[in-house]
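Let me begin by presenting the structure, written as structure tokens, before commenting on it.
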Amino acid sequence: MTTQFYDRLSNDSTQLLESGVNYDVSIEVGEEVSLVNIYKVHSIILQSRSPYFKKKFDEITFNENHVKVLKLPNISVKVFNVIIKYIYSGKISLEKLKNSDTFDLLIASNEFELDELVEHLQSHLINNNSSWLRLKFAQIYRTSYQVKNFKIIRDFCSNTIFESENFHSLPEDVLISILKQDDLQLEESKIWKYLIEWGKAKNPTLPTNLDKWTSDNFLSLKKTLKECLPHIRYFSFSNEDVIEKIHPYQQLLEHQLFSDINIKLITPNKPISSIVLPPRNILNTILPTRITSIPLFSNIITNEHALEISSWINRKKIPCIENNPYEFKLLVRGSRDGFDIKTIYNICDQVSKTIIILKVKGTGEILGGYNPLELENYNDQWKKTKESFVFSLKTTNMKDSILSRAYHENCTIGNISSRPELSFGHALRLIGNLKTERRCCCEVSFEYRIQIRSKCSSFSVEEYEVFEILSNK
């Protein structure tokens, strides 16, 4: 049996990076001279982890100080910090990165030929930031189409863009590249439907009622779709779809093509002259439903956090790994709705099973509490339940999450809208304006025996969110 001590190895390697002792390479990162960061690193480590650095170091000679100097002006210090720590420690933290920074990190990781990281970052963006990918679709897809290793994101974009609100603004060349794909996981009739919608969006003066279209109207749409139409797999349509979907728009097609479509419909074995594109390779295997844990729109927690919270609600000793039994429905967000506790009572009145998540200002701590009981506006009272809990979540600075369940049911939830205050005993008290008043606190509590925060000092929050917990069943 082999015993592994990866954590110690990772920590020792990180200390070597931070100390710079016995370094033989100096990497200058950043374009502006005043903002350049210099990293003192070890060639043996970098070239063993990255083929890119091995090639670069082979091309560079030592200077008079027996140090090789490599300049990387086209990468940000923020991104390179993550990469160099990953190379030395095998660990990364994405919690403090903006979505755009994470995508830049993906591009840089590919350039440095860090295949493991490239795959992880693609999956992370899809699982945690799919709404952002859809928002920036054109940019993301163009990049992924040019980079062979970005297949995970490219496939995601190809199979979700048709239902995106940005679909109609898609550039023609990007749309064509999608239509060319043999493994596009969508029925041909639906692809046709979306293509027609895209063309109509480019011709806003077309009548909404197809019965009122003139030959000129069809000609205008045909010109718009000229480069796209050859990539539709017309002979993959069902007989019913030919009649219902293609026939109304037959004027968009060349006469011979439309004739051949009808010939195949009536006499499938008769030869035709039109080019027959192969049907798309749509997966027939029914895959288990994967339910994303949360918040495509949470500004604070990740899917992993949501799965952990769901395990606590469900009282599972082993955390959920991917299929979340609960949906997290966003009700309130501080930056959107306001930071006063009264706002929570106004919006969440009569709502039960809520989770409140807080990001502590200045420390990055993520705290929160689960309340299974109804929040009630204009009804001050201390409520009793043994199903509530408070917690602090694992972050960059927090090694493990802390869970503290209600130990004694008396006064576990403080529903005090007039003050206003929302409290979980004294373990987590939220008072007044969470952002400006600095009156929130975590104290020693009889109701919740485990302290979720070592500091008893008051704090304010950078952001907070309230979610209603709904069963996915």
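Numbering (the working numbering), first residue to last: 7 to 479.
Backbone N, C-alpha and C define an ideal beta-carbon position, used for all residues, glycine too.
Worksheet entry | Exposure of Val472, with buried meaning 16 or more beta-carbon neighbours within 10 Å | Val472 should be labelled buried.
Fill in: 7 Å Cβ cutoff met for Val88 and Asp110
no
Worksheet entry | Within 7 Å, strictly: CB atoms of Asn287 and Leu313 | no
Worksheet entry | Collapsed DSSP secondary structure at Glu415 in the structure displayed | Note: Glu415 maps to coil in three-state DSSP.
Fill in: Helix, strand or coil at Arg435 according to DSSP, with G and I counted as helix
strand
Discussion item. In whole angstroms, give me the CA-to-CA distance for Tyr376 and Ile361.
Written reply: 5 Å
Worksheet entry | Where Phe397 falls: helix, strand or coil (DSSP) | strand
Practice prompt. Alpha carbon to alpha carbon, how far is Lys91 from Tyr58? Give it in angstroms, no decimals.
Written response: 16 Å
Discussion item. Can you tell me which residues form a DSSP beta bridge with Gln387?
Written reply: Looking at the DSSP assignment, Gln387 forms a beta bridge with Asn421.
Practice prompt. Under 6 Å Cβ to Cβ from Leu293, same chain only, skipping five residues before and after it: list those, please.
Written response: Low local confidence applies: a pLDDT of 37 at Leu293 is under 50, so the model's placement there is unreliable, and no value is given.
Item to complete: Check each candidate in Asp121, Ser54, Ile33, Ile98 and name the one with the smallest Cα separation from Ile44.
Response: Ile33
Discussion item. Just to confirm the assignment, what range does the beta strand (DSSP E) spanning Thr308 have?
Written reply: Premise fails: Thr308 is in no beta strand (DSSP E) and is neither H nor E.
Item to complete: Determine the extent of the beta strand (DSSP E) in which Thr360 is found, giving its start and end residues.
Response: 360-366
Discussion item. Using C-beta distances below 7 Å, list every residue in its chain close to Cys354, excluding the 5 sequence neighbours before and after it, in chain order.
Written reply: Leu337, Val338, Thr360, Leu381, Val472
Worksheet entry | Same chain, Cβ closer than 7 Å to Tyr384, five either side skipped, listed in chain order | Ser423
Item to complete: Would you tell me roughly how many angstroms separate the C-alpha atoms of Asn352 and Lys335, rounded to the nearest one?
Response: Cα-Cα distance, rounded: 17 Å.
Worksheet item: If Val31 and Ser19 are in contact, beta carbons under 8 Å, what's the gap, nearest whole angstrom?
Response: Rounded, the Cβ-Cβ distance is 15 Å, inconsistent with contact.
Worksheet item: Around the Cβ of Ser341, are there at least 16 other Cβ atoms within 10 angstroms (buried) or fewer (exposed)?
Response: exposed
Worksheet item: Can you tell me whether DSSP reads Ile33 as helix, strand or coil?
Response: strand
Practice prompt. Compare the beta carbon distance of Ser466 and Lys365 with 7 Å and say whether it is the shorter of the two.
Written response: no
Worksheet item: Do the stretch 391-406 and the stretch 426-436 make contact, defined as three or more Cβ pairs closer than 8 Å?
Response: Yes, since at least three Cβ pairs between the stretch 391-406 and the stretch 426-436 fall closer than 8 Å, the two stretches touch.
Worksheet entry | Residues sharing a beta bridge with Ser316, DSSP | DSSP lists no partner for Ser316.
Worksheet item: Just checking my contact of Leu192 with Phe173 at CB under 8 Å: how many whole Å lie between their CB atoms?
Response: With 8 Å as the limit, Leu192 and Phe173 do not qualify as a contact, their Cβ atoms being about 12 Å apart.
Item to complete: Inspect the beta-carbon positions of Tyr413 and Leu440 and report whether they are closer than 7 Å.
Response: no
Worksheet entry | Enclosing beta strand (DSSP E) for Arg339 [first to last residue] | Taken as a continuous stretch (DSSP letters only), the beta strand (DSSP E) holding Arg339 covers 332-339.
Worksheet entry | Residues sharing a beta bridge with Asn377, DSSP | Asn377 is bridged by DSSP to Thr360.
Worksheet entry | Distance, Asn268 Cα to Ser195 Cα | Roughly 16 Å separates the two Cα atoms.
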